[in-house]
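Worksheet for the structure shown next.
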Amino acid sequence: MRTELKDQLAALHAELARTRSADDPELRRQLIAVLADITRLLGKPASAGERHSLIENLDALAVQFEAEHPALGNAIRQVVDALAKAGI
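Under numbering that gives the first Met the number 0, the first residue of the sequence shown carries the number 0, and numbering increases by one thereafter.
So, in C-alpha cells, the structure goes:
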C-alpha cells in the first residue's frame, strides 16, 4: 500500500510542477504544506485527528483546484484514495 501512496504522491508532485502557472499562490502554498504533512505522517504514527484534518484539507484543495486545474484536482483525489487504502 505504501508503494501506491508513494506513486500517487510522485504523480501529484509532477502535476503540481506542470501547473506552475497556477494563479493562486495561496492554494499552492496550502498544497505544499499538506504534502509536507503527508510526508511527516508517513514517518510516524498519526493520531485520528491528524489524519482527519489532513484528509479534510486535501479534499478542500481538490475542490478548489478542480475548476481551473482538473488534472491537479484529480491527482489530489488519487492521493486521498491512496491514503485511505494505506490506513492513513
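For every residue, glycine included, the Cβ atom is placed at its ideal position computed from N, Cα and C.
Going by beta-carbon coordinates alone, are residue i and residue j separated by less than 7 Å?
i, j, result
"residue 81", "residue 14", "no"
"residue 33", "residue 57", "yes"
"residue 78", "residue 7", "yes"
"residue 50", "residue 87", "yes"
In its own chain, which residues sit with a C-beta less than 7 Å from the C-beta of residue i, not counting the 5 before and 5 after it?
i, result
"residue 75", "11, 57, 60, 61 and 64"
"residue 18", "68 and 71"
Could you name the residues of the same chain whose beta carbon sits closer than 8 Å to that of residue i, not counting the 5 residues immediately before and after it, in chain order?
i, result
"residue 26", "60, 63 and 64"
Which class does residue i belong to by DSSP, given the choice of helix, strand or coil?
i, result
"residue 86", "coil"
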